[in-house]
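Right, one structure below, let's go through it.
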Amino acid sequence: MDHDALEIVAKSQSILSILEQLRTVALSDSTVLLIGETGVGKERFAEYLHKKSARRFKPLVKVGVATLPRELVESELFGHEKGSFTGAAMEKKGLFEVANGGSLLLDDIDDLPIEIQPKLLRAMEMHEIQHVGGTRTIKIDVRFIAASKVSLKELVDQGRFRADLFYRLNVVPIVIPPLRDRREDIPALVEQYVSHYLPEKQVTVSKEALRALVNHSWPGNVRELVNVLVRVLLFVNDHITLEDLPHEVRGEDPIDMLVKSCSRCFFEQRMSYEQIVACLETNLLRKALEMHHGNKSRAADFLGLKLSTFRDKLAKYNLNGIPLSS
Numbered sequence: 112m113d114h115d116a117l118e119i120v121a122k123s124q125s126i127l128s129i130l131e132q133l134r135t136v137a138l139s140d141s142t143v144l145l146i147g148e149t150g151v152g153k154e155r156f157a158e159y160l161h162k163k164s165a166r167r168f169k170p171l172v173k174v175g176v177a178t179l180p181r182e183l184v185e186s187e188l189f190g191h192e193k194g195s196f197t198g199a200a201m202e203k204k205g206l207f208e209v210a211n212g213g214s215l216l217l218d219d220i221d222d223l224p225i226e227i228q229p230k231l232l233r234a235m236e237m238h239e240i241q242h243v244g245g246t247r248t249i250k251i252d253v254r255f256i257a258a259s260k261v262s263l264k265e266l267v268d269q270g271r272f273r274a275d276l277f278y279r280l281n282v283v284p285i286v287i288p289p290l291r292d293r294r295e296d297i298p299a300l301v302e303q304y305v306s307h308y309l310p311e312k313q314v315t316v317s318k319e320a321l322r323a324l325v326n327h328s329w330p331g332n333v334r335e336l337v338n339v340l341v342r343v344l345l346f347v348n349d350h351i352t353l354e355d356l357p358h359e360v361r362g363e364d365p366i367d368m369l370v371k372s373c374s375r376c377f378f379e380q381r382m383s384y385e386q387i388v389a390c391l392e393t394n395l396l397r398k399a400l401e402m403h404h405g406n407k408s409r410a411a412d413f414l415g416l417k418l419s420t421f422r423d424k425l426a427k428y429n430l431n432g433i434p435l436s437s
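Set out below in structure tokens:
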């Protein structure tokens, strides 16, 4: 379900301050650079800025730079002439032209190929573009909003991003903090998304469940929170309890859960001591591999084992080449 129409809810001073900054900046056409981890909601803040600006009656065109095939980035942004490359059967407008009069969000600007960066810089400075394969100059009138999941200054220092383009984008930099640094926003976000996804029901959340949601570190930020809520809402009626949440949100350590599971087997199934040790060791090896995406060196280090010992145990339990769950 689309949630673009939702307002940004905020209780934290950091987000309230950002919203105030955006309302002020919206009065001008200054370029805004939104910086924040994946999932913090940079696109939502770009939408907020556009809706508060004089350009709100014109389109906000969103470009996910990271999702564009590298060989098509230039054509998608600037358009192309018929026959300018293989497959260009007709002239096509670029997204700069589509956004004319409105705003253009360049999301994941940190993934923009370095060979395209001079052309973007020129478009921003001259307010004009040329189609790929064309010579005609096309005037553009757009408000530039860029979003990055990493520090562009660091990319400049690494030689992966042009310094002149960075300074052109960095007019009004706004850093959006991760969800773990603004936990006071979580109850309001939970209430908003629960009522949005199940408007026909009055779904409540237990104190224990809300406490777990607030205390979770949310490495995927707001996007992860929303995905968890959507999944939970598929299986509840009108009340979310602690048991309805995924174990990682409940704060249960997966290794600790394995130990408890194997201990239950020991008492309930009357397993021998050797069997319970083998059960525990096998599951620990599997879980360590899953947690480190099959990387044996990291999995061995996580368990405090030498890599040679770890490999021997994999062979002992016939775990080499096992399929890993996601």
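My numbering applies: residue 112 is where the sequence shown begins, and numbers increase by one. All C-beta atoms in this analysis are idealised placements derived from N, C-alpha and C, irrespective of residue type, glycine included. Quantities reported herein were computed from a predicted structural model and do not represent experimental measurements.
Please name the residue, chosen from the options, that lies closest to residue i on a Cα-to-Cα basis.
i: isoleucine 146; options: Ser164, Ala411, Val283; result: Val283
i: serine 141; options: Gln132, Val209, Leu321; result: Gln132
i: leucine 400; options: Phe196, Thr178, Ala411; result: Ala411
i: leucine 345; options: Arg322, Leu160, Met402, Lys312; result: Lys312
i: glycine 150; options: Ala199, Thr315, Ala258; result: Ala258
i: phenylalanine 168; options: Glu158, Phe421, Gly331; result: Glu158
i: leucine 117; options: Leu353, Leu300, Ile126, Asp349; result: Leu300
i: asparagine 429; options: Arg409, Gly415, Glu392, Leu414; result: Glu392
i: asparagine 338; options: Asp349, His350, Leu324; result: Leu324
i: isoleucine 351; options: Met382, Lys318, Arg271; result: Lys318
i: valine 184; options: Ile227, Arg293, Ser408, Tyr384; result: Ile227
i: histidine 327; options: Val314, His358, Val316; result: His358
i: glutamine 124; options: Arg294, Val136, Arg322, Asp252; result: Arg294
i: glycine 198; options: Asn211, Glu182, Glu302; result: Glu182
On the CB-based measure, 16 or more other CB atoms within 10 Å of its CB, does residue i come out buried or exposed?
i: tyrosine 304; result: buried
i: valine 360; result: buried
i: lysine 153; result: buried
i: leucine 396; result: buried
i: leucine 144; result: buried
i: threonine 246; result: exposed
i: serine 186; result: buried
i: arginine 71; result: Outside the displayed range of the chain (112 to 437) lies residue 71, so it cannot be described from this structure.
i: isoleucine 225; result: exposed
i: serine 139; result: exposed
i: aspartate 349; result: exposed
i: glycine 205; result: buried
i: histidine 242; result: buried
i: valine 388; result: exposed
i: glycine 415; result: exposed
i: asparagine 431; result: exposed
i: alanine 274; result: exposed
i: leucine 336; result: buried
i: leucine 223; result: buried
i: aspartate 252; result: exposed
i: aspartate 292; result: exposed
Please look up how many angstroms separate the CB atoms of residue i and residue j, rounded, as I've assumed it's under 8 Å.
i: leucine 290; j: tryptophan 329; result: 4 Å
i: arginine 279; j: methionine 235; result: 5 Å
i: lysine 260; j: aspartate 221; result: 6 Å
i: leucine 216; j: lysine 173; result: 5 Å
i: aspartate 296; j: valine 120; result: 7 Å
i: glutamate 239; j: isoleucine 249; result: 6 Å
i: isoleucine 126; j: isoleucine 285; result: So it is not a contact: roughly 11 Å between Cβ atoms.
i: aspartate 218; j: glycine 175; result: 5 Å
Do you know how far the Cα of residue j is from the Cα of residue i?
i: phenylalanine 196; j: glycine 244; result: 8 Å
i: isoleucine 287; j: lysine 122; result: 14 Å
i: lysine 417; j: glycine 405; result: 16 Å
i: histidine 403; j: glycine 362; result: 19 Å
i: asparagine 394; j: alanine 177; result: 37 Å
i: phenylalanine 255; j: serine 214; result: 6 Å
i: proline 180; j: leucine 188; result: 12 Å
i: valine 343; j: alanine 426; result: 39 Å
i: alanine 320; j: lysine 424; result: 39 Å
i: methionine 112; j: tyrosine 308; result: Model confidence at methionine 112 stands at a pLDDT of 44, short of 50, so the residue's coordinates are unreliable and nothing is read from them.
i: alanine 165; j: phenylalanine 156; result: 16 Å
i: arginine 161; j: asparagine 281; result: The displayed chain sequence assigns histidine, not arginine, to residue 161. Looking at the two C-alpha atoms, the distance is approximately 18 Å.
i: phenylalanine 207; j: phenylalanine 272; result: 21 Å
i: glycine 190; j: proline 298; result: 44 Å
i: serine 262; j: leucine 232; result: 18 Å
i: leucine 171; j: asparagine 332; result: 24 Å
i: valine 407; j: lysine 398; result: Checking the sequence, you will find lysine at residue 407 rather than valine. Their Cα atoms are separated by approximately 11 Å.
i: valine 209; j: lysine 230; result: 17 Å
i: leucine 340; j: glutamine 386; result: 39 Å
i: glutamate 354; j: serine 419; result: 40 Å
i: tyrosine 384; j: cysteine 390; result: 10 Å
i: valine 347; j: arginine 334; result: 20 Å
i: valine 314; j: glutamate 148; result: 30 Å
i: phenylalanine 413; j: valine 316; result: 35 Å
i: phenylalanine 277; j: glycine 212; result: 24 Å
i: glutamate 302; j: proline 310; result: 11 Å
Compute the minimum distance between the beta carbon of residue i and the heavy atoms of the ligand MG, and state whether it is under 8 Å.
i: serine 408; result: The ligand content of the structure shown is nil, which means the ligand MG is not present either.
| Continuous alpha helix (DSSP H) assignments of at least 4 residues falling wholly in the stretch 231-309 | You should have 263-268, 274-280, 297-308.
| Can you list the alpha helix (DSSP H) stretches of 4 or more residues lying completely in the stretch 156-230, in chain order? | Counting whole runs of 4 or more residues, the stretch 156-230 contains the alpha helix (DSSP H) stretches 184-189, 206-209.
| message | List, from N- to C-terminal side, the alpha helix (DSSP H) runs of 4 residues or more that fit wholly inside the stretch 303-364. | response | If we require 4 residues or more, the alpha helix (DSSP H) runs fully inside the stretch 303-364 come out as 318-326, 332-344, 358-361.
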